[in-house]
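Protein chains in written order, with UniProt numbering: chain A, 1 to 300; chain B, 1 to 552.
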């Protein structure tokens, strides 16, 4: 529909082509039009938040003129808030969860891939079924469980990061085991057997041979885990009660949920800071993440 | 079992272990000739690996013992039992030789069972109880709470000069009784008459207790005002309390609990309360006491969602909207993603740049995007109204229909990059010969796409579409952050709104954010309903997609 408007501007792009402009447009040119339209759609909110974060005044109205002023006032103002505490909390929780997820997931995937034991098939099926029950649905039960646990071990009760990591780890096995399991299966078993003949224990084989060979999938799982934990909101909101313990997701929500006007500049600056590392990681490791995503789509 | 190394004797076994590594078969075979099969010998070397395991297990066991001990002190028998069981299993798994696969699965299983399997089961159990505000604990706790809450100062009871004393951490009261005798007691031990030094009509020193000075009393003010010292072993006699740490009064409960008859009697009015089926003490006229206890209520929570006038209307609307939202989300994002993937499936200049820019929304953390859009769509000051629409005041997030539209629109922005990614992947893996065959057979471009590309694409993406449906069915963060479920239903007495989906309804009903009374029972019942819906749809859909796959 927008296609008819652009051939004149699009023509100079490929002067070397020898076919006619109409034919060129029908085959290639319109794709550029579609591309530009949707790139604007995809990128404009991101440009907007960047502009708002650099705006001098921190209100929603003041942020509507893109890049009319460039100041770091909003970023500097973050220092007076709990923003950096929340960032530290988020990073702490995400990294701890990622390490735990990788260690537990890889070990389980190794067992399912290399050993044949009673209950192996049933175990895999159970994991698949459990995966359908998102942990988020049980947040009431998690809340009640942590109240009881907290009475016995305060570190595992409400408002504790250790408890939050434990809860995340509880949901980690179901999601990631299959991803790793598939990858473990591609490592030739002959390697294990050779190691065994050389006298290695199963633990030695696992730690020194297998784990080295599956590093790519470990990195992907760790990264996916960091990204999802970093963005997780529901459980963090239910479990973390004191402001000092909040994660970024809970903290930034509190800024804009109540007083949209007052904290908009702060929010924009915070949003940019919390987005940039994830964005950078994502773009840098795009290839692997895409591979990880589509790996799950092929049914065995 | 007798051939297994005993965990209790690692030190003696560990030292010869290093020798064993030097000359394994001879030494091993000599000591235990029966079990010298070559594949077992490495497991018996007590090298660095074994020591590391031992150290780790020592830490785990120490933690376990600590938990067991604290559970014992706190009286949490379920946690105690679970922890003991876990410790036994862990020690058996890591010190036995027959459990090699379990050694690798166990750490994950522990977390999976505690924080997922158990919580699912617990959700199921809570769904059948009336757990929530007013029904938070056991009957014993409820009786105790009722007695304490209804304590009143006995009419005309004499005031007693009082001194706060302490025995270690335990606080107590020393009083001069009306008959001139002195007595001392604490929360656990009722007042007993003792000899004490009295100055200015007040106890100044008493054996075995330390008298607190004014400063110390101020520091522990809350403890002092909450302390109840029973007058005697008989609870009916009441207790001594103080508000100013200088004068004590006798308080007795207006309620009396008769354990044999299981009734509560209000001594001021004479009303007799008996326990009813819903976990409360109820009088003959139907009035109930404030604190109840948890009871099993069967399917009450489930029927309440469908039939209680407060919930039934909103509930139906919420269910319908949840389905509409999830289906529309998957549909719109998939169509756009597939369209863009098809558009960029031919080599054109700048394809890589387009692709990278198009997936940017996917890399934005899940909590930033909805909040950002809530600002963009703000009625009075948002960018969309102010700049794009030139100052129109369109209530994007506060009109029931527009709010729904906005949700789907924002979700489209968030979700199409994912679909674009997986469709691109799927398109690139399509077999080229099939396309060629279609071309040779004279199929048009559209016909090829419709009859060859599209079915093959659906086969490989169908499982992801199902999980995407399940995800959007529970897309809490988006709804909660963008509209908060609002605009509210005008006629409903419960805090629910036009854009609430089931999972946000669970959150509201649970009352964890303090906007509504807590109702864990109903919230859990709704969770179960969601689970059943998702499980059914997934099961059916996976079956259908298996049929799709036969085409391939």
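The C-beta atom is built at its ideal place from N, Cα and C for all residues, glycine as well.
I want to see whether chain B comes within less than 7 Å of residue i, judged by CB atoms only; does it?
i: residue 31 of chain A; result: yes
i: residue 277 of chain A; result: no
i: residue 171 of chain A; result: yes
i: residue 64 of chain A; result: yes
i: residue 135 of chain A; result: yes
i: residue 61 of chain A; result: yes
i: residue 1 of chain A; result: Residue placement at residue 1 of chain A is flagged as unreliable, the pLDDT there being 40, under the threshold of 50; the coordinate-derived value follows with that caveat. So, not an interface residue.
i: residue 99 of chain A; result: no
i: residue 309 of chain A; result: This structure leaves residue 309 of chain A out entirely; chain A is present only between 1 and 300.
i: residue 202 of chain A; result: yes
i: residue 96 of chain A; result: no
i: residue 111 of chain A; result: yes
i: residue 235 of chain A; result: no
Check each candidate in the options and name the one with the smallest Cα separation from residue i.
i: residue 95 of chain A; options: A/193, A/123, A/166, A/181; result: A/166
i: residue 403 of chain B; options: B/392, B/484, B/68; result: B/484
i: residue 310 of chain A; options: A/282, A/120, A/268; result: The first residue shown for chain A is 1 and the last is 300, placing residue 310 of chain A beyond what the model contains.
i: residue 433 of chain B; options: B/446, B/452, B/165; result: B/452
i: residue 369 of chain B; options: A/51, A/154, A/231, A/288; result: A/231
i: residue 123 of chain B; options: B/225, B/528, B/542, B/534; result: B/528
i: residue 62 of chain B; options: B/143, B/91, B/504, B/219; result: B/91
i: residue 264 of chain A; options: A/121, A/58, A/51; result: A/58
i: residue 187 of chain A; options: A/28, A/109, A/21; result: A/109
i: residue 560 of chain B; options: B/456, B/377, B/441, B/447; result: It is not possible to answer for residue 560 of chain B, since the shown part of chain B is limited to 1 through 552.
i: residue 86 of chain A; options: A/255, A/288, A/136, A/189; result: A/255
i: residue 357 of chain B; options: B/215, B/340, B/446, B/372; result: B/340
i: residue 301 of chain A; options: B/367, B/115, B/145; result: Outside the shown range of chain A, which is 1 to 300, sits residue 301 of chain A, and nothing can be said about it.
i: residue 140 of chain B; options: B/258, B/476, B/191, B/490; result: B/258
i: residue 475 of chain B; options: B/442, B/410, B/337; result: B/410
i: residue 44 of chain A; options: A/25, A/66, A/30; result: A/66
i: residue 465 of chain B; options: B/407, B/57, B/538; result: B/538
i: residue 278 of chain A; options: A/77, A/178, A/224; result: A/224
i: residue 180 of chain B; options: B/531, B/195, B/170, B/530; result: B/195
i: residue 253 of chain A; options: B/524, B/441, B/522, B/482; result: B/482
For residue i, would you say it is in contact with chain A, using Cβ-to-Cβ distances shorter than 7 Å as the test?
i: residue 406 of chain B; result: no
i: residue 561 of chain B; result: Because chain B here runs from 1 to 552, residue 561 of chain B falls outside it and cannot be looked at.
i: residue 366 of chain B; result: yes
i: residue 105 of chain B; result: yes
i: residue 386 of chain B; result: yes
i: residue 612 of chain B; result: No information on residue 612 of chain B is available, as it lies outside the stretch 1 to 552 that chain B covers here.
i: residue 327 of chain B; result: no
i: residue 71 of chain B; result: yes
i: residue 378 of chain B; result: yes
i: residue 357 of chain B; result: yes
Taking buried to mean at least 16 other C-beta atoms within 10 Å of its own C-beta, is residue i buried or exposed?
i: residue 66 of chain B; result: exposed
i: residue 186 of chain B; result: buried
i: residue 6 of chain B; result: Reliability fails at residue 6 of chain B, whose pLDDT of 36 lies under 50, so the model's placement of it is uncertain and the value that follows must be treated cautiously. Exposed, because fewer than 16 other Cβ atoms sit within 10 Å of the Cβ of residue 6 of chain B.
i: residue 70 of chain A; result: exposed
i: residue 346 of chain B; result: exposed
i: residue 260 of chain B; result: exposed
i: residue 83 of chain B; result: buried
i: residue 228 of chain A; result: buried
i: residue 216 of chain A; result: exposed
i: residue 470 of chain B; result: buried
i: residue 197 of chain A; result: exposed
i: residue 276 of chain A; result: exposed
Using a cut-off of 7 Å between C-beta atoms, extract the partners of residue i located in chain E.
i: residue 151 of chain A; result: This model lacks chain E altogether, as its protein chains are A and B.
**Study point:** Within the stretch 221-273 of chain A, ranges of the alpha helix (DSSP H) (whole runs, at least 4 residues)
**Key:** Correct list: 234-239, 248-258.
Point to revise | the stretch 491-502 of chain B / the stretch 105-121 of chain B touching (three or more Cβ pairs under 8 Å) | key: Below 8 Å, too few C-beta pairs join the stretch 491-502 of chain B and the stretch 105-121 of chain B to call them touching: fewer than three.
Point to revise | Sequence ranges, beta strand (DSSP E) only - wholly within the stretch 84-168 of chain B, length at least 3 | key: 151-153, 160-167, all fully within the stretch 84-168 of chain B.
Review point. Would the stretch 128-148 of chain B and the stretch 145-164 of chain A be scored as touching if the rule is three or more Cβ pairs under 8 Å?
Key: Verdict: no, contact absent.
Practice item. Specify whether the stretch 162-171 of chain B and the stretch 201-214 of chain B touch according to this definition: at least 3 beta carbon pairs, one from each stretch, less than 8 Å apart. Key: At 8 Å Cβ cutoff, the stretches touch.
Review point. Are there three or more Cβ pairs, one per stretch, closer than 8 Å when the stretch 279-293 of chain B is compared with the stretch 511-531 of chain B?
Key: These segments do not touch.
**Study point:** Inter-stretch contact (C-beta, 8 Å, three-pair minimum) for the stretch 92-106 of chain A and the stretch 406-422 of chain B
**Key:** Segments in contact, no.
Exercise for review: Assess, as a yes-or-no matter, whether the stretch 359-369 of chain B is touched by the stretch 268-284 of chain A under the definition of 3 or more beta carbon pairs within less than 8 Å.
Suggested key: Contact between the stretch 268-284 of chain A and the stretch 359-369 of chain B is present, because at least three Cβ pairs lie under 8 Å.
Check your understanding: Any chance the stretch 245-256 of chain B sits against the stretch 140-155 of chain B, with 3 or more Cβ pairs inside 8 Å?
Key -> Verdict: yes, contact present.
**Study point:** Touch test, the stretch 319-336 of chain B against the stretch 199-216 of chain A, Cβ-Cβ under 8 Å, three pairs minimum
**Key:** Contact check between the stretch 319-336 of chain B and the stretch 199-216 of chain A: fewer than three CB pairs, one atom from each, fall below 8 Å, which does not count as touching.
Point to revise | Secondary structure, beta strand (DSSP E): runs of 3+ residues fully inside the stretch 253-315 of chain B | key: The DSSP assignment places complete beta strand (DSSP E) segments of no fewer than 3 residues inside the stretch 253-315 of chain B at 255-258, 263-266, 272-275, in order along the chain.
Exercise for review: Assess, as a yes-or-no matter, whether the stretch 22-31 of chain A is touched by the stretch 244-251 of chain A under the definition of 3 or more beta carbon pairs within less than 8 Å.
Suggested key: Output reads no: the stretch 22-31 of chain A does not touch the stretch 244-251 of chain A.
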